[in-house]
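In the numbering used here, the protein residues as written are 303 to 408.
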Amino acid sequence: MADKTYFFISDIHLGLESKETEKEKEQKLISFLHYAKNNCNELFIVGDLFDYWFEYKRVVQKGFFKTLAALTELSESGIKLHYFIGNHDFLHRDFFEKEVGAILYH
């Protein structure tokens, strides 16, 4: 049985600070996600990836597209994504499950 590697991230709070700070924070996160793609089997997002997430039935808020794309790429490469909804993740519907490929835990 091969060993598995698990990565955990939490409380990133994308969208909390100034535009410049958020751009830098997002780039660091994307670099980490690219590293994770080649170095782990499963990624656990343990709440509050975004400082605020609100999703309607057919509309998703704009912003942090690069993060969403990197997470989708990770999922499509075979990395299992687990997303535990945090207290700043106000309304999650099925976007992360259907479009990103994550398993949501409410």
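Quick reminder that beta carbons are idealized off the backbone N, C-alpha and C, glycines included.
Mind reading off the beta-carbon distance from residue i to residue j? Whole number of angstroms is fine, and I expect it under 8 Å.
i	j	result
Phe386	Val348	5 Å
Glu344	Lys382	4 Å
By a C-beta neighbour count over all protein chains shown, 10 Å radius and 16 as the cutoff for buried, is residue i buried or exposed?
i	result
Phe366	buried
Glu328	buried
Ala371	exposed
I'd like the span of the beta strand (DSSP E) that includes residue i, first residue to last.
i	result
Glu319	Taken as a continuous stretch (DSSP letters only), Glu319 belongs to no beta strand (DSSP E), as it is neither H nor E.
Leu351	Per DSSP, Leu351 belongs to no beta strand (DSSP E) and is neither H nor E.
Val384	In the sequence as presented, Val is not what sits at residue 384; that position holds His. That run of the beta strand (DSSP E) goes Lys382 to Phe386.
If I follow the unbroken alpha helix (DSSP H) through residue i, where does it start and stop?
i	result
Phe367	Phe367 to Glu378
Kindly indicate which residue of the options has the alpha-carbon position closest to the one of residue i.
i	options	result
Gly380	Arg395, Ala404, Gly388 and Lys368	Ala404
When DSSP builds the beta bridges, which residues end up paired with residue i?
i	result
Glu401	None, per the DSSP bridge assignment.
Val407	For the sequence presented, residue 407 should be read as Tyr rather than Val. Phe386, per the DSSP bridge assignment.
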